[in-house]
Amino acid sequence: MSVVHRLTAGWLVDHLSFINQCGYEICDSFAYPGSVTLNTSVTSTEDVHANSTFAATSSSRDGPVPGPGDAIETEGKSAKTRYVFRKEFFDVSKPHIAAAPEERLWQGCTEVIIRICLFYCLLILQKRKRKCVFNQGELDALEYHSKVRKLIWEGTVHLVQEGLKSGFLHHSTVELSCRKNVVTGHVGCGLAELCEMAKRFPAVNENDHQAVHVLHDETSIPEQDLLSCVTENNSNCAKMVVLMGQKYLVPPKSSFLLSDISCLQPLLNYKKKYDVIVIDPPWENKSVKRSNRYSHLSSWQIKQIPLPALAAPNCLVVTWVTNRQKHLRFVKDELYPHWSVKALAEWHWVKITRAGEFVLPLDSLHKKPYEVLVLGQVQGDIKEALRKSEDVLPIPEHKLIVSIPCSLHSHKPPL
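Following this note's numbering, the numbering of the sequence shown begins with 7 at its first residue and continues without gaps.
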């Protein structure tokens, strides 16, 4: 991650900077001397469509960056087109719901004394307005929140103060009164449709030797070629691929499998082991059911992910969990033991605005401004684990990752 500030409590990070440092540059080779290309300083992966997520600037490998419309004289040299993530997707200038004055992190108050009994009384009064009582799930959520609240508040306050001092965060009332959160609208992304398409292709034979498709200079690739095997980009530049009419950038030195958990055989055929595995399951919740935005997985389906076959000894497993305690207990008490993973720590991702405020009130009943990560370690062969444990750093029990979130749905910070 692009760490802006590091304290005992955790890290203040810059998602946008990290994405833009991942090397989204496309190398264009010109076969004929004297060929000319025009600098398209605001082109994008969606043909300058207003809803695209990347913008691009073109430049020659040698010499200054030309201005808009300037010609790039390549004369047989290579040119690079650099793509950057559109910064307006991280322009969260004010909270989604305004917090009470005492909850504003930039007030300068480093400690807030919370009377737990008053806190619960206020919540009960709010609940009574709805003419119902707390169910068990809500009581569990309140109990968990009361345990982590102080850690999240105090740690975030300290990190935000550092961000304000350095200028990374700004709480100018003039700036906030003049700016509005950018409403990007629907950003077309066909990954869900592509995964659905993958299910319709014939199952991959376990003995199929075509486990890898290496990207070359082609931009349009038959979907079946990508859906039936792992796709690799071994070059030092990004590659652009076209799938179902949409353009996607593949980072350098990376690989991917476009599929879902029902079609993971190509990944197993890839025969690689991983030192870190990050999982972000589509958890079942009321919001997902109402919006019908994506399909969720049951606990049984998540347990079918063949993680032990993919994990190297001492593999670090990180699972994103919603604030529903049922899911947190499932990961720690069922899922990790099923995978022979030992739960080590719970971290929290805290979402703030550019002004250093929580995007949602910290004590909101409906949604919280934080999400949970459960970190664990694969427990495998004892001898192999002991041999590799010498190079493994201990995982601290509680850390915060504080950042301005992306406005795209469920876009998690890079770890």
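Glycine included, each C-beta is placed from N, C-alpha and C at the ideal position.
### Task
Find the nearest neighbour of S305 within the set L341, Y276, Y376, judged by alpha-carbon distance.
Nearest to S305 by alpha-carbon distance, out of L341, Y276, Y376, is L341.
### Task
Give the DSSP-derived three-state secondary structure of T5 in the structure shown.
The displayed coordinates of the chain run from 7 to 421. Any statement about residue 5 would go beyond what the structure contains.
### Query
Buried or exposed: P419, going by 16 or more other Cβ atoms within 10 Å of its Cβ?
buried
### Query
So is N239 buried or exposed if we call it buried at 16+ other beta carbons inside 10 Å?
Label assigned to N239: buried.
### Distance between beta carbons of A15 and L406, contact taken as under 8 Å
That pair is a contact at about 5 Å.
### Query
If we call anything under 8 Å between Cβ atoms a contact, is L165 one with L366?
no
#### Entry: Distance CB(V356)-CB(I103) smaller than 8 Å
Cβ atoms of V356 and I103: not closer than 8 Å.
#### Entry: Chain-order list of residues whose beta-carbon lies under 8 Å from that of S416 (same chain, five-residue window excluded)
D286
### Task
Under 8 Å by Cβ, that's how I've got F91 and N26 pegged, so tell me the actual separation to the nearest angstrom.
6 Å
### Task
Please confirm whether any heavy atom of the ligand ZN lies closer than 7 Å to the CB of N239.
This structure lacks the ligand ZN, and indeed carries no ligand of any kind.
### Query
Just checking, does the stretch 242-262 make contact with the stretch 366-386 on the three C-beta pairs under 8 Å criterion?
Using a C-beta cut-off of 8 Å, the stretch 242-262 makes no contact with the stretch 366-386, since fewer than three inter-stretch Cβ pairs fall below that distance.
### Message
Do P272 and S261 have their beta-carbon atoms positioned less than 8 Å apart in this structure?
### Response
no
### Task
Could you pull out every residue in the same chain whose Cβ sits closer than 6 Å to the Cβ of S23, ignoring the five residues on either side in sequence?
S8
### Message
Classify I221: buried if its beta carbon has 16 or more other beta carbons within 10 angstroms, exposed otherwise.
### Response
Sequence check: residue 221 is Leu here, not Ile. Its Cβ being crowded by 16 or more others within 10 Å, L221 is buried.
### Task
Measure the beta-carbon distance from E352 to H404 and round it to whole angstroms, keeping in mind my assumption that it falls under 8 Å.
7 Å
### Message
Quick check: what's the CA-CA separation for P314 versus E290?
### Response
For P314 and E290, the distance between alpha carbons rounds to 24 Å.
### Query
Can you tell which of L175, H354, H176, V347 has its C-alpha closest to the C-alpha of V327?
H354
### Task
Determine the direct distance from the alpha carbon of F364 to that of E160, and round the result to whole angstroms.
13 Å
### Task
Report the three-state DSSP secondary structure of I285 (helix, strand or coil).
strand
### Query
How about V384 and P319: do their beta carbons lie closer than 8 Å?
yes
### Query
In this structure, does DSSP put Y30 in helix, strand or coil?
coil
### Query
Between the beta-carbon of R12 and the beta-carbon of L175, is there less than 8 Å?
no
### Message
Give me the residue from P312, G251, S268 with the minimum Cα distance to K279.
### Response
P312
### Task
For R121, count neighbouring C-beta atoms within 10 Å of its own C-beta (all shown protein chains included) and say buried if the count is 16 or more, exposed if not.
Any answer about R121 is weak, because its pLDDT of 42 lies below 50 and its placement is not dependable; what the coordinates show is given next. By the neighbour-count rule (16 or more Cβ atoms within 10 Å), R121 is not buried but exposed.
### Query
Around the Cβ of P411, are there at least 16 other Cβ atoms within 10 angstroms (buried) or fewer (exposed)?
buried
### Task
Let me know the secondary structure DSSP gives Q167 once reduced to three states.
In the structure shown, Q167 sits in a helix (DSSP, three-state: H, G or I).
### Query
I think I283 touches V323, with their Cβ atoms under 8 Å apart; what is that distance to the nearest whole Å?
Indeed they touch by this definition, with Cβ atoms about 5 Å apart.
### Query
Relative to the C-alpha of H372, which residue among R88, S99, G143 is closest?
G143
### Task
In angstroms with no decimal places, state the Cα-to-Cα distance between S99 and L170.
Taking the straight line joining both Cα atoms gives about 14 Å.
### Message
Closest to D20 by C-alpha separation, out of L414, S413, V408, would be which residue?
### Response
V408
### Task
Quickly, what does DSSP pair W17 with across the bridge? List them, please.
R12, I407
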